[in-house]
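Student: Residue 307 in the numbering used here is what sits at position 82 of the sequence shown, and the numbering runs on without skipping anything. All residues carry an ideal CB built from backbone N, CA and C; glycine is no exception. All values reported here derive from a predicted model rather than from experimental measurement.
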Amino acid sequence: DLCRKLVLDLADRIENLTIISGLAYGIDVTAQRTAYENGAKTVAVLGCGIDYCYPKEHLDLYQKLKEDGLVISEYPNKLEPQPQWFIIRNRIIAYASRALVVISARKNSGSVTTISFATEADREIFCCPTGIDEDSVCNELIRDGAHIVTCGEDILYYLGLDS
Numbered sequence: 226d227l228c229r230k231l232v233l234d235l236a237d238r239i240e241n242l243t244i245i246s247g248l249a250y251g252i253d254v255t256a257q258r259t260a261y262e263n264g265a266k267t268v269a270v271l272g273c274g275i276d277y278c279y280p281k282e283h284l285d286l287y288q289k290l291k292e293d294g295l296v297i298s299e300y301p302n303k304l305e306p307q308p309q310w311f312i313i314r315n316r317i318i319a320y321a322s323r324a325l326v327v328i329s330a331r332k333n334s335g336s337v338t339t340i341s342f343a344t345e346a347d348r349e350i351f352c353c354p355t356g357i358d359e360d361s362v363c364n365e366l367i368r369d370g371a372h373i374v375t376c377g378e379d380i381l382y383y384l385g386l387d388s
């Protein structure tokens with residue numbers, strides 16, 4: 226899939242690549258698993274207590290990152306996630322990143338808040354184009370100035386790391 230391909234492309238070319246994401250379902254966990262399994266660094270930013278794995282299905286990766294990666298949270302102990310905390314988590318992801326790569330983002334998804342924070346923080350935004358009939362903000366972001374990305378080389382070029 227495209228997420229895996231982008232992470233592999235970047236992991237092969239950037240020595241200290243770090244993927245920062247929320248350990249969430251879908252693209253988040255795919256990017257983090259791919260990074261971890263291929264020697265890149267990854268940071269999981271939680272929307273719950275530091276000792277509470279959410280979602281539970283990602284417990285194996287959560288435990289690996291606690292031992293050989295980084296898991297961060299603004300919340301202590303085993304506090305269960307609250308919906309509003311995911312927006313705060315998205316702020317941390319955006320501000321801690323050099324660039325934001327949006328592979329897919331429905332118009333009403335939490336990714337939209339991450340995009341907003343990344344824009345506010347003046348981060349580079351990269352988007353994969355989507356079909357015009359898809360419920361995605363990617364094409365709109367590209368129209369409005371986000372960099373189009375179809376491979377890792379595109380990201381390297383725009384960040385000046387392609388030499």
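According to DSSP, simplified to helix, strand and coil, what is Ile357?
Tutor: coil
Student: Measure the Cβ-Cβ separation of Cys228 and Thr255 and say whether it is below 9 angstroms.
Tutor: yes
Student: Give me whichever residues DSSP pairs with His283 in a beta bridge.
Tutor: According to DSSP, His283 bridges with nothing at all.
Student: Flag this pair as yes or no: are the beta carbons of Val270 and Val326 separated by less than 9 angstroms?
Tutor: no
Student: Using DSSP's beta-bridge definition, name the partner residues of Leu351.
Tutor: According to the sequence as given, residue 351 is Phe; it is not Leu. Val326 and His372, per the DSSP bridge assignment.
Student: Mind checking Gly377: buried by the 16 CB within 10 Å criterion, or exposed?
Tutor: Gly377 comes out buried.
Student: If you check the beta carbons only, do Ser322 and Ile245 fall under 9 angstroms apart?
Tutor: yes
Student: Quick one: give me the first and last residue of the alpha helix (DSSP H) that Ala269 is part of.
Tutor: Not the alpha helix (DSSP H): Ala269 falls in the beta strand (DSSP E), residues Lys266 to Val270.
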